[in-house]
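Here our numbering = 1-based position in the sequence shown + 4.
Even glycine gets a Cβ: it sits at the ideal position worked out from N, Cα and C.
Values in this document were obtained by computation on a predicted structure and should not be read as measured data.
Shown next, in structure tokens, is the structure this report addresses.
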Amino acid sequence: MNVYSVTLSGPAPWGFRLQGGKDFSMPLTVSRLTPAGKAAQAGVGVGDWVVSISGTNAEDMTHVEAQNKIRADSFSPASVQPKYSFAPSTTINKMARPFTAGGSANSGPAIKPVAYSPKLNTQRVCVCVCPTPSPAKAQAAAKPDGEFLLLLMRGSGPSSRPPWVTDPNFADRYRPDKTSTVVTQHQQPVQPTPMQNRSSILQAAQQAPEDGGRTPLCGACNKIIRGRYLVALGRSWHPEEFTCSQCKAVLDEGGFFEERGSVYCTKCHDNRYAPNCAKCKKKITGEIMHALKMTYHVQCFKCAACKTPIRNQAFYMEEGEPYCEKDYEKMFGTKCHGCDFKIDAGDRFLEALGYSWHDTCFVCALCQINLEGKTFYSKKDKPLCKGHAFAPV
Numbered sequence: 005m006n007v008y009s010v011t012l013s014g015p016a017p018w019g020f021r022l023q024g025g026k027d028f029s030m031p032l033t034v035s036r037l038t039p040a041g042k043a044a045q046a047g048v049g050v051g052d053w054v055v056s057i058s059g060t061n062a063e064d065m066t067h068v069e070a071q072n073k074i075r076a077d078s079f080s081p082a083s084v085q086p087k088y089s090f091a092p093s094t095t096i097n098k099m100a101r102p103f104t105a106g107g108s109a110n111s112g113p114a115i116k117p118v119a120y121s122p123k124l125n126t127q128r129v130c131v132c133v134c135p136t137p138s139p140a141k142a143q144a145a146a147k148p149d150g151e152f153l154l155l156l157m158r159g160s161g162p163s164s165r166p167p168w169v170t171d172p173n174f175a176d177r178y179r180p181d182k183t184s185t186v187v188t189q190h191q192q193p194v195q196p197t198p199m200q201n202r203s204s205i206l207q208a209a210q211q212a213p214e215d216g217g218r219t220p221l222c223g224a225c226n227k228i229i230r231g232r233y234l235v236a237l238g239r240s241w242h243p244e245e246f247t248c249s250q251c252k253a254v255l256d257e258g259g260f261f262e263e264r265g266s267v268y269c270t271k272c273h274d275n276r277y278a279p280n281c282a283k284c285k286k287k288i289t290g291e292i293m294h295a296l297k298m299t300y301h302v303q304c305f306k307c308a309a310c311k312t313p314i315r316n317q318a319f320y321m322e323e324g325e326p327y328c329e330k331d332y333e334k335m336f337g338t339k340c341h342g343c344d345f346k347i348d349a350g351d352r353f354l355e356a357l358g359y360s361w362h363d364t365c366f367v368c369a370l371c372q373i374n375l376e377g378k379t380f381y382s383k384k385d386k387p388l389c390k391g392h393a394f395a396p397v
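Laid out in structure tokens, this is it:
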């Protein structure tokens, strides 16, 4: 692992997106970069782990806490905390002139107030790397309005992809007590087992030859065995006495399971120890899905829209129903008009000019000054500060 630090100077946007956090049971990492953005120019790579932000350890930060830390450190000391309502309290004139209490009705670029629209009832369950979006607009910051220091860690292997992309069991190792953010898939063996992550495995009793040259003792009755016998669990058995502990069926064929010192046929073992599906409430044999700290049949845990089994793919929860990434984006997804990245659950955003924006992406199209909470002009669906209200776009 290589640890390095970068200092990003304002103004926003910074040109990168974070994923993970303590609330997602994954370390904070860089999920996407804006081509030619500030983070990319500073050498930040997709998949790099965020170790600290401006000297504060990022290991115990939630996703939103990390965003707020970056936002707080990126403002200059003289800046004022942003407000959540940006509708001006006085009448605003429509020209780039000093304001008066009454205002005039002259024609010109319209000034539009900005208001937050918080995103509700959305829970992101799994985060994964998405395709690189189209290049964002060129950044031409006039002067920095703050900066923050990132300490990151990069893997030394041939691939810089996050470990939960290449290793589906990563989340279990990172925080074993929380499994709501990981889906694991277990392959069904040649003979189905009720639960592959158990220590019990399907075994078979071996037929021993009659003239083996020794006189075995039966593991059940402890008597000498004359003739044909079975070998299982390191002992010899009369064929009729090697039976299921529950149904007493002879286990000379079909295999058996050993559990807590007792042996069971496949059917009894499944009924006794196989987990129940959280959806259909039936026993699960063979392939198992683990999601949201529960177990499911693969065919029971499927997208609420397209009805396709989600298996080991990323998914989102909306109003208690799982959705695959494609359908979630189609039905509920919102993209930032400034950076063309998705607005994730927990992100601060605002609505203006008929579009949604990250609060750090709503900037003047010419000088990049942040327009959050400020009066702005619009031209060709692009926000402009008062100083560039009549500049060509």
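Residue i: which of the options sits nearest, CA to CA?
{"i": "LEU221", "options": "ALA236, TRP241 and ARG232", "result": "TRP241"}
{"i": "ASP256", "options": "HIS273, ALA278 and ARG232", "result": "ARG232"}
{"i": "MET65", "options": "ARG75, GLY24, MET293 and PRO39", "result": "GLY24"}
{"i": "SER29", "options": "ALA62, GLY47 and ASN6", "result": "ALA62"}
{"i": "ALA224", "options": "LEU12, GLY19, HIS273 and SER266", "result": "SER266"}
{"i": "ASN275", "options": "ILE288, ARG264 and ILE74", "result": "ILE288"}
{"i": "ARG75", "options": "CYS389, LYS383 and PHE353", "result": "PHE353"}
{"i": "ALA318", "options": "SER249, MET293 and ASN280", "result": "MET293"}
{"i": "LEU357", "options": "CYS281, THR219, LYS384 and GLY47", "result": "LYS384"}
{"i": "TYR277", "options": "GLN250, CYS284 and VAL302", "result": "GLN250"}
{"i": "GLY47", "options": "GLY14, ASP27 and TYR8", "result": "TYR8"}
{"i": "ARG315", "options": "TYR300, GLU325 and ALA309", "result": "TYR300"}
{"i": "ASP351", "options": "ASN72, PRO243 and SER56", "result": "ASN72"}
{"i": "HIS362", "options": "ASN6, VAL10 and GLY19", "result": "GLY19"}
{"i": "PRO279", "options": "TYR268, GLU291 and GLY238", "result": "GLU291"}
{"i": "VAL34", "options": "CYS284, ASP27 and GLY51", "result": "GLY51"}
{"i": "LYS26", "options": "GLN45, ASN6, ILE57 and GLU69", "result": "GLU69"}
{"i": "ASN6", "options": "GLN372, LEU155 and THR312", "result": "LEU155"}
{"i": "ALA308", "options": "CYS281, VAL302 and TYR332", "result": "TYR332"}
What is the rounded straight-line gap between the Cα of residue i and the Cα of residue j?
{"i": "LYS386", "j": "GLY41", "result": "19 angstroms"}
{"i": "LEU32", "j": "HIS67", "result": "7 angstroms"}
{"i": "ALA417", "j": "MET157", "result": "Examination of residue 417 is not possible in this model, given that the chain is present from 5 through 397 alone."}
{"i": "THR379", "j": "CYS343", "result": "21 angstroms"}
{"i": "VAL235", "j": "GLU245", "result": "12 angstroms"}
{"i": "ALA43", "j": "SER360", "result": "23 angstroms"}
{"i": "LYS306", "j": "LEU296", "result": "13 angstroms"}
{"i": "ALA16", "j": "THR364", "result": "6 angstroms"}
{"i": "GLY49", "j": "ASP77", "result": "21 angstroms"}
{"i": "CYS328", "j": "CYS304", "result": "14 angstroms"}
{"i": "SER13", "j": "VAL367", "result": "16 angstroms"}
{"i": "GLY324", "j": "MET298", "result": "14 angstroms"}
{"i": "SER382", "j": "PHE336", "result": "27 angstroms"}
{"i": "ARG230", "j": "GLY238", "result": "18 angstroms"}
{"i": "GLY391", "j": "ALA282", "result": "59 angstroms"}
{"i": "GLY259", "j": "ASN226", "result": "23 angstroms"}
{"i": "PRO243", "j": "VAL302", "result": "38 angstroms"}
{"i": "VAL10", "j": "THR312", "result": "43 angstroms"}
{"i": "CYS371", "j": "HIS341", "result": "17 angstroms"}
{"i": "GLU262", "j": "LYS286", "result": "23 angstroms"}
Assign residue i to one of two classes, buried (16 or more other C-beta atoms within 10 Å of its C-beta) or exposed (fewer than that).
{"i": "GLU376", "result": "buried"}
{"i": "ASP348", "result": "buried"}
{"i": "ILE228", "result": "exposed"}
{"i": "MET321", "result": "buried"}
{"i": "PRO396", "result": "exposed"}
{"i": "PHE394", "result": "exposed"}
{"i": "ARG264", "result": "exposed"}
{"i": "THR247", "result": "buried"}
{"i": "ASN374", "result": "buried"}
{"i": "GLY59", "result": "exposed"}
{"i": "ARG21", "result": "buried"}
{"i": "VAL54", "result": "buried"}
{"i": "PRO39", "result": "exposed"}
{"i": "ARG36", "result": "buried"}
{"i": "SER80", "result": "Low confidence applies here, because SER80 scores a pLDDT of 44, under 50, leaving its location unreliable and the question unanswered by this model."}
{"i": "CYS284", "result": "exposed"}
{"i": "CYS272", "result": "buried"}
{"i": "THR270", "result": "buried"}
{"i": "CYS389", "result": "buried"}
Which partner residues of residue i appear in the DSSP bridge assignment?
{"i": "GLY25", "result": "MET30"}
{"i": "ARG239", "result": "ALA236"}
{"i": "PRO387", "result": "SER382"}
{"i": "PRO39", "result": "Bridge partners of PRO39: none, in fact."}
{"i": "TRP361", "result": "LEU354"}
{"i": "SER56", "result": "ASN61 and LEU155"}
{"i": "SER9", "result": "LEU155"}
{"i": "SER249", "result": "Per DSSP, none; premise fails for SER249."}
{"i": "THR299", "result": "HIS294"}
{"i": "TYR268", "result": "PHE261"}
{"i": "CYS2", "result": "Lying outside 5 to 397, the shown extent of the chain, residue 2 is not represented and no answer is given."}
{"i": "ILE228", "result": "LEU221"}
Just confirm the distance between the C-beta atoms of residue i and residue j, as a whole number of angstroms; I'd bet it's less than 8 angstroms.
{"i": "LYS339", "j": "LYS346", "result": "6 angstroms"}
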